[in-house]
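Numbering (UniProt numbering), first residue to last: 1 to 413.
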């Protein structure tokens, strides 16, 4: 039977016992020499002993050296230890980047949903007055005063204003004051001790600041979107919006139909604008809060002197529109909106109120009005002028690359 060589086994013993005293090492080596002479009696004992002794001493030296390196965590070559994702505590990291959520938590209680009910039409399923339009607003006084856009609440004949708070309670609102030039209005509800939105300063706003648009887009109440300020002073002349002396805040935060009237809030939780409209994806506009502050101040003075304020009566057509500036026209073409090559001016119909004279007359969102009563239309002001001076509006509009005529009969409000 072939026996395994004992040297390997003894070497392992030597390696394990290398931390003992040198006297013990010597004793082990003597025993190993004795075993070797017993197993190989006919060999060259001296030569074998010398060779085994040298081999074992080398193994002993290597083992001791390795043990020292292991115990002292010594590294021959420089190394870099990669950090593990499990070696760090990730708890609390969310709070570093939840600044938008912090703004929403502070500001949301003062944002309201505004719904306009048309008493002439009933909902097929509920039998209640149908919703003519909707928008947003925010509370600026604890006694129930709400700021919103004028186009959200005005020029809606036979309508009721319903205001819903964050907790779901609904109140009937009363339109107190309207400024059509700045597109601002106030609505009051019969309730006290309401949470109030802090008003900031739009004059201190900078391009690139983070902002949060709050409101109720597409009737989805308590919705927020975020973005940055693209431009702090966009002149109304470039947009054809009401108020020739106004400037607007341009932002890429998503603003849709229901966002109108809601606040545009900075990271300090202050309203620095009132959401007005969206032209296309990434291009939306808000009314600077400084205009609203001036409007609220004058409105308070008028409420103290009712004789100063005259009754608000306007002719109602029921559309929201936007002047076709070269930039907006180019944007429409790039987005494959059907625009004839010979159209260089006009007004884009952005929204049509259901049940309005414009809706009854056949005007559609996306139509481009080029003429009214055979007079060219270049800005939205031309339509307002025609609305104030004509009982019947014969509009030439471009729709799907075709020119058609639409007859609108405005209503008195």
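C-beta: ideal position from N, C-alpha, C; glycine also.
Have a look at the DSSP bridge pairing and note the partners of residue i.
i, result
"residue 117", "131 and 160"
"residue 376", "371"
"residue 411", "316"
"residue 227", "211"
"residue 284", "251 and 278"
"residue 142", "Residue 142 is not bridged to any residue."
"residue 321", "349"
"residue 403", "398"
"residue 112", "137"
Quick test of your reading: residue i and residue j, contact by CB under 8 Å. State the CB separation rounded to the nearest angstrom.
i, j, result
"residue 276", "residue 248", "7 Å"
"residue 262", "residue 173", "Wrong, their Cβ atoms sit about 15 Å apart, outside the cutoff."
"residue 251", "residue 284", "5 Å"
"residue 199", "residue 293", "6 Å"
"residue 194", "residue 142", "5 Å"
"residue 208", "residue 229", "6 Å"
"residue 403", "residue 364", "Actually they are not in contact, since the Cβ atoms of residue 403 and residue 364 sit about 14 Å apart, beyond 8 Å."
"residue 271", "residue 197", "5 Å"
"residue 343", "residue 369", "No, residue 343 and residue 369 are not in contact; Cβ-Cβ is about 11 Å, not under 8 Å."
"residue 140", "residue 296", "7 Å"
"residue 260", "residue 152", "6 Å"
At which residues does the alpha helix (DSSP H) containing residue i begin and terminate?
i, result
"residue 153", "150 to 153"
"residue 303", "289 to 304"
"residue 332", "326 to 334"
"residue 103", "99 to 107"
"residue 357", "357 to 361"
Out of the options, point me to the one whose CA is closest to residue i's CA.
i, options, result
"residue 176", "383, 350, 301 and 378", "301"
"residue 213", "108, 58 and 400", "108"
"residue 291", "206, 303 and 274", "274"
"residue 178", "161, 123, 164 and 147", "147"
"residue 231", "362, 186, 352 and 205", "205"
"residue 420", "159, 149, 167 and 95", "Here the chain covers residues 1 to 413 and nothing more, so residue 420 does not appear."
"residue 379", "366, 325, 255 and 187", "325"
"residue 113", "167, 105 and 97", "167"
"residue 341", "352, 347 and 329", "329"
"residue 360", "375, 409, 401 and 389", "409"
"residue 405", "377, 371 and 385", "371"
"residue 111", "97, 224 and 390", "224"
"residue 411", "299, 323, 154 and 303", "154"
"residue 149", "332, 103, 55 and 187", "187"
"residue 322", "289, 299 and 384", "384"
In the DSSP assignment, the beta strand (DSSP E) including residue i goes from what residue to what residue?
i, result
"residue 188", "184 to 188"
"residue 394", "393 to 399"
"residue 173", "170 to 179"
"residue 343", "No beta strand (DSSP E) holds residue 343; DSSP gives it neither H nor E."
"residue 265", "263 to 265"
Under a CB-based cut-off of 8 Å, is residue i close to chain B?
i, result
"residue 321", "The question asks about chain B, but that chain is absent: this structure has only one protein chain."
**Message:** Measuring CB atoms only, is the stretch 349 to 358 touching the stretch 125 to 141, in the sense that at least three cross pairs come out at less than 8 Å?
**Reply:** yes
**Message:** Closer than 8 Å is the cut-off here; do at least three beta carbon pairs connect the stretch 390 to 397 with the stretch 325 to 343?
**Reply:** no
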